[in-house]
Every structure is written in C-alpha cells, then in structure tokens.
Amino acid sequence: MTRYILTCDNIAIYAGIWFKQRYTSGMSQVQIAMCQIDTWVGDITRNQQSVLAYTRQAYEHGAQVVAFPEMTLTGYPIEDLALRATFRHAAYEAANVLATQLAHEGLGQLYVVVGTVGTDHSNDKPRNRLVVLHEGRVIAGYDKHFLPNYGVFDEYRIFSSGEKTCIISVQGVRIGFAICEDIWQDGGPVAHLAGDIDVLLTINGSPFEEGKSSARKALAVQRAQEVHAPVLYVNQVGGQDDLVFDGASFAVDTTGSVIAKAPSFVECITYVDIDNTKLHQQATTIASEIDPDQETYSACVLGLRDYMRKNKFTGVTLGLSGGIDSALVATMAADACGGANVHGIAMPSQYSSDGSKDDAAELAQRLGATLDMQPIEPLFNAFQDQIHVQGIAAENLQARIRGVLVMAKSNSDGLLALATGNKSELACGYSTIYGDAVGGYAPIKDILKTRVWQLAMWRNAAAAEGLRLGALPIAGSDEGIVSDLPSDGIVIPVSSIEKAPSAELRPGQKDSDSLPEYAMLDRVLAAYIEHAHGRADLLADGFDERVVDTVMRLVDSAEWKRRQYPLGPKVTALAFGRDRRLPVTNSFRE
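Numbering (the UniProt record's numbering), first residue to last: 1 to 590.
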C-alpha cells in the first residue's frame, strides 16, 4: 500500500479513467451520505472510530459516497497544533490506517471523504486537506484554497493554500470538492469547476451564529447556479472551546430548492440521491426549522456540554443568587448534564432579600439540583475586622468571598465552576474580577441581558409544552438525560424573570443605579460593539448623548476585565474574545 497521500494534480486524470473502467458508463445515479459528526480536537483515534461507525451505517443504507466535515480526523479548529510535526505525522498515518480499516471491514468499495491536516512539502507548512479513501488507499486529495483570516479564524497564519481543483467520477456522477471558505469567496476553485461536475461537495467547519443558516443557504444556491450542479454542504456539529458548530447540513439544487436538510445540534446522517440526468433533484429528508430562541439556547447548552465531556467534567457548580442570570445558567447546565449534577451554592449576605433566597431554593428544587446554603456575613465581618473597607471595595469584597466559595467547591469536588455573567455586564465591566467573574466556563457570556430574559421565557414555554430536561434537540451523552419537570411546566421561577435586576451588594441596590436601563443599554452595545459604530454614528442613530458617553466610557475601560473572563460559547456575529481584539492599554477616547 502506498504511504503517500496523493493530491489531485497527481491523480485526477488517473482517477477519472479508473472509475469509468470500474463502472458502466450508462449509470448516472449516486447516493451520498452527509455525516455531521462531533469531532474531538487532537483525539485522532476517537475520530477514526466515529468515521468507521458512521460509514457502517451509510453502507447499510446503500450509500456509495460517505462525506464527513472539515478536518474530520484532527478535529477543528486545531490552531497551532497544526505546526507540530508529530501531530501532522499522526494525522497523516491515520488517513492510511483508516483506509485499510475500511477495506478490512468490507467497506472498501465506498468512497469515504474525510478532512485532515496535510503538509506542503515545498515549504513544510501545514495544509487543510480533504482526502478520498477507496479500496484501502487514499486515492484523491484536495487542499483548501482560501484561508480565512477574520473573526475567529487565523488559518492564513497557520496553513499553506492549495492550488488545484479535484474531481472524481462515481457511477457516472462527477463530484467536485471544496472546503468551507472556498465557497464563500468568488472565483477560485469553485468557479473553475463550472460545467465539469454533476455535484459540488463541500466539507465545512462553520461555527454557529444567530441568523447564519439563511446566509449559508443563499450562498449555496448562488454556487449551485454558478457551477450548474447541486451543492452538498456537510457541516460539523459540537462545541470546541468558545466555538459551537450547529451541523444543519443541507443540499440545494440548481433551481434553489432545498433537497435535503439535517437537524441542528445533533450528530446524524442525511442521505442525498443525485441523478445527473435531472435538473431538479427529488427532496429526501428535510428537517424542520427551529425557533431562533431555541437555536441560541441549544447552542449555549451544546457548548457547555461538549466543554464538560471533552475536558472530563461530570458536574458543575455555581452561585445561585435567585437572579435571572444564574437561573438561566443553572437551567442550561441541567439540560447539559442533568439536574443531579448541578451543585448550586446560595451565598446570601445581609443585603440579600428573602425573595432572592426563596427563588434560588425553588429553582434548585425544580431542576433536581443540590443547593448548599453558605451565608457570607460571618466571613465578610471577619475581613472587615482585618481590612476595614467601604463603598465599592466592600461590595467587591462580598463578590470575592463568593468567588472563593465557588472555587473551593470546584476544587474539592472536581466540578466545573460556571461564571454567570451576561454580555451586557461583560461589556460594561459590571462584574467583580476574582469575584462573580471566576469560573472555568461562562455559558451566557455572549448573551445580552434582554436576550437572557427572552431565553428564560422561551425555556419555560418549552417546558409548558411538555419537553423534559435533556429532550431539547442538542447533542447529548450516550445515555441521555431523564429528569421530569414539575407538573406546572415552569423551570425558572417567574419572580426571577420579573423582578428588577440587582447585585444586592448594598441596601436597595438596582442595576439601573450604575447602568442605563437594559433595553436602551443593549441597543447601544449592539451598535457600538457588533456594528462598530463610533460616537458620531451612535448620535446619528438617535441615541442620547449622555447615554452614549456613559456606555462608551464603560466599555472602553473594561477591556482588562474581559481579557481575564472565562471562555464561553460564541452565538452572535461578534463575541468578546477572538472576534474582538483590542489593546488593554489604550488611551484613545472619542
């Protein structure tokens, strides 16, 4: 068996002749299995086993081509792992071993399309590579041309670009290939395939963000019309650090019709039958669209669940204040790992209301979570006897005492500590560093406060419709989660949603004492952060000058806090972190 992974410029002509000899020229139909799977970065053996398992299923269904997401064998994104020669060698060997395994299991006649990392031997740089496995060998390869260098992507720094196109013929159907960004850019390899293929198969690692699915479909329709062939879009699913991949693989034909669509946030196979004698392909399985709130909520839960699974956490701990943020995070955690694995800590101070304590207890009971009551007043008084702080320092001291208790629980019981702050608070620095900002993961880090309320109300509405915890359309453990909701269908106490938000660090405190009302604040934040509007733009948008100056001052002075905040799932077009990289030491002010 050859040990060299061939690229398309080496074998494209050979492959076309070989396939035509193998199959009758009159055949013109092929079934392609689109396998959206949850890959694990760095766990090459596990990813190989997933490919084997899903290929077996596709074989039983009668598919001839089985396609997997971008960088299947390595996981995605691999970031600077790609620069390690030992890692590239392991991925290189894995493709050959996988081809042999497939043949040994009697699956060699299938054409299995997987992503991996290759090497550009002219400069020893990594390449984002697609390979086709058949009859125990790697018979074709294609390297990604366009390397994204914006937002969360920095592939241009890591990879070397491909130069060639790739076409194979299977049962008379000519299949052209692309990798993710290659279809987002005009020209390039896709344009060169026009008129030469019967179907365009693109493998992707496209992260979730709100509203992105419609953009993907519109782009695929444009490319289908450009190449005069259906487009099959295979996307990965699962969480990887601060990214969540929603799957939602689909296929469109040249008329713009959706001929197949996979559900979002679950591993699955979707089959597409391609007949190159027909302009309009017959629709197969088309998953229904889901509510935007459900979509965002599921993304946050999947991000948390995969962060736990892939880092070997079986439970979480967090402070339960009775407020809406901690209530939503705890509910997401119960959906991610089961209520019995959620360990809340209520840490009331002398300023905490009875209503807040009651709400925390009710939430824990409804989720089936444990709740440990740890009043902080004795600890606060002990600190005050030593250091005697007042004002904001005294408020921060309370938050830091709570942070110490949460981290102590995390360390002693091996639990993942969750930070409960939302995007509005993070934007304005309305949190205490080393206090309520502590934790290993922040599930609602990219959710504005007004959106927090919307998602909480959606989750209660979903419960009222009879969904159980763990019954949401998100990737889960092999066993699944079984935890019945109360008969009234409410998960999050209504009073947690309806009461005015407050940190309760001083008598009668309300968030509105320090921040503009959230309805206004979030609109300004969206314009300033996500749309990069400057001061003049914000005033032209019609926002009050005093509000604009307040918000800009708070956001600009809080970059140092954001740099130290835990990871959290990206769900918007611009999240804090990789999307927005500003200097901490920055004297520019508008």
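For glycine and all other residues, C-beta sits at the position ideal for the given N, C-alpha and C.
Rounded to a whole number of angstroms, what is the C-alpha to C-alpha distance between Ala248 and Glu267?
Cα to Cα, the separation comes out at about 10 Å.
Restricting to Cα atoms, I'd like to know which of Val131, Leu83 and Tyr54 is closest to Glu105.
Residue Tyr54 is the option with its Cα nearest to Glu105.
Give me the Cβ distance between Val234 and Asp246, rounded to the nearest whole Å; I'm assuming they're in contact under 8 Å.
Rounded, the Cβ-Cβ distance is 13 Å, inconsistent with contact.
Would you list, in sequence order, the uninterrupted beta strand (DSSP E) runs of no fewer than 3 residues that lie entirely inside the segment 484-567?
DSSP runs (the beta strand (DSSP E)) wholly in the segment 484-567: none.
Assign His61 to one of two classes, buried (16 or more other C-beta atoms within 10 Å of its C-beta) or exposed (fewer than that).
Exposed, by the Cβ-count rule.
Between Val66, Thr72, Phe68 and Val30, which has its C-alpha nearest residue 593's C-alpha?
The structure shown does not extend to residue 593, since the chain is modelled only from 1 to 590, so the question has no answer here.
Which value, in whole angstroms, describes the spacing of the CA atoms of Gln386 and Asp335?
Their backbone Cα atoms lie some 42 Å apart in a straight line.
Does Val112 come out as helix, strand or coil in the three-state DSSP assignment?
Strand.
Buried or exposed: where does His531 fall if 16 or more other Cβ atoms within 10 Å of its Cβ makes it buried?
His531 is exposed by the Cβ-count criterion.
In whole angstroms, what is the alpha-carbon distance linking Gln29 and Val252?
Spanning the two alpha carbons is a distance of roughly 17 Å.
What do you get for Pro443, buried or exposed, if any count of 16 or more other CB atoms within 10 angstroms of its CB means buried?
Its Cβ being crowded by 16 or more others within 10 Å, Pro443 is buried.
Ala573 lies in the alpha helix (DSSP H); which residues open and close that run?
No alpha helix (DSSP H) contains Ala573, which DSSP labels as neither H nor E.
Taking a contact to mean a Cβ-Cβ separation below 7 Å, would you say Ala95 touches Thr116 in this structure?
Cβ distance < 7 Å, so Ala95 and Thr116 count as in contact.
Ignoring anything shorter than 3 residues, give me the beta strand (DSSP E) runs that lie fully in the segment 195-279, in order along the chain.
For the segment 195-279, whole beta strand (DSSP E) runs of length 3 or above, ordered along the chain, are 199-204, 231-235, 237-240, 243-246, 250-252, 258-261 and 268-275.
So is Asp80 buried or exposed if we call it buried at 16+ other beta carbons inside 10 Å?
So Asp80 counts as exposed.
Starting from the Cα of Ser495, find the closest Cα among Leu448, Asp544, Leu567 and Ser356 and give me that residue.
For Ser495, the nearest C-alpha among the options comes from Ser356.
Please determine whether the Cβ atom of Ala340 lies at a distance below 6 Å from any heavy atom of the ligand SAM.
For the ligand SAM, the structure offers nothing, since it holds no ligand at all.
Can you tell me whether Thr55 is helix, strand or coil according to DSSP?
Three-state result, Thr55: helix.
Would you report the Cα separation of Glu590 and Pro493, rounded to the nearest angstrom?
Answer to the nearest angstrom: the Cα atoms are 42 Å apart.
Going along the chain, which residues of its own chain have a beta-carbon closer than 7 Å to the beta-carbon of Ile497, five neighbours each way excluded?
So the list reads Ile324, Trp453, Ala456 and Met457, once near-sequence residues are dropped.
What is the DSSP secondary structure of residue 601, counted as helix, strand or coil?
Residue 601 lies beyond the range of the chain shown here (1 to 590); nothing can be said about it.
Nearest-angstrom Cα distance between Asp556 and Val389?
Computed Cα separation, rounded: 27 Å.
Suppose the cutoff is 8 Å on Cβ atoms and the five residues either side in sequence are ignored; what does the same chain contact list for Gln48 look like?
Leu73, Ala94, Val97, Leu98 and Gln101, listed in sequence order.
Would you mind listing the beta strand (DSSP E) stretches within the segment 305-360 that are 3+ residues and don't spill past its ends, in chain order?
Entirely contained in the segment 305-360, the beta strand (DSSP E) runs reaching 3 residues are, in chain order, 316-319 and 342-346.
If we count Cβ pairs, one from each stretch, closer than 8 Å, do we get three or more for the segment 197-206 versus the segment 168-185?
Counting Cβ pairs under 8 Å, three or more are found: they touch.
Any idea if Asn311 is buried or exposed, counting beta-carbon neighbours within 10 angstroms, 16 or more meaning buried?
Exposed.
Return the CA-CA distance between Gly162 and Thr86, expressed in angstroms with no decimal places.
Gly162 and Thr86: Cα-Cα distance of roughly 22 Å.
Can the beta-carbon of Gly439 be found closer than 7 Å to that of Arg400?
No.
Nearest-angstrom Cα distance between Ala369 and Gly319?
Going by the C-alpha atoms only, they are around 12 Å apart.
For the structure I just gave you, are there three or more beta carbon pairs, one from the segment 520-530 and one from the segment 538-556, closer than 8 Å?
Taking 8 Å as the limit for Cβ pairs, the verdict is that the segment 538-556 does touch the segment 520-530.
Give the DSSP-derived three-state secondary structure of Ala140 in the structure shown.
Residue state, collapsed to three classes: strand.
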